[in-house]
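The structure appears below as structure tokens.
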């Protein structure tokens, strides 16, 4: 890999500045924090076998560089009253992504949306209390957004997590 390629690979996404490449210790820190974001710096240092000062400095750097973007609780949708999950694929007019994404961000029950390349332009994950609420999201809200040409909905019957993070 050339120096230019290495520099490009380590550059922070959209930050306009270079970010340090992740080393093995950084990846182990990320793996521990993905597993349990409430892990104390002391426990983190013990598990990774580094000093607390080093662990604290590395976590601060990962936060500052935008590698770690926050800490949050993982919520079980069904236990929280969101028993219906679905993926909605949208086809949108060319050059309307910014406007459509801004409107999607305001739609209740949309957990995540992504711009795609392929047969559809956008894929959104919806978690709603029931089928009636899902119907309202799709037919009442999403299809009325200017720039949305069509939608296709897939109900989620069962979910599972993958093998884990690539940090391990």
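In the numbering used here, the protein residues as written are 6 to 173. Just so it is clear, CB atoms sit at the ideal spot from N, CA and C, and this is done for glycine as well. Since we're looking at a predicted model, the values are computed, not measured.
| Item | Value |
| --- | --- |
| Cβ neighbour criterion (16 or more within 10 Å) applied to residue 89 | buried |
| Residue span of the alpha helix (DSSP H) that contains residue 62, given as start and end | 57-69 |
| Any alpha helix (DSSP H) of 4 or more consecutive residues that is wholly inside the segment 40-124 | 46-53, 57-69, 102-109 |
| Distance, residue 45 Cα to residue 57 Cα | 10 Å |
| Neighbourhood of residue 82 by C-beta distance below 7 Å, restricted to the same chain and skipping five residues each side | 90, 132 |
| Buried versus exposed call for residue 118 [16 or more other C-beta atoms within 10 Å across all chains shown] | buried |
| Own chain partners of residue 38 with C-beta closer than 8 Å, once the 5 adjacent residues on each side are dropped | 44, 49, 64, 73, 76 |
| Cα-Cα separation, residue 147 to residue 109 | 7 Å |
| Closest residue to residue 105 among 128, 86, 60 (Cα-Cα distance) | 128 |
| Cα-Cα separation between residue 47 and residue 62, rounded to whole angstroms | 12 Å |
| Beta-carbon proximity of residue 28 to residue 67, cut-off 8 Å | no |
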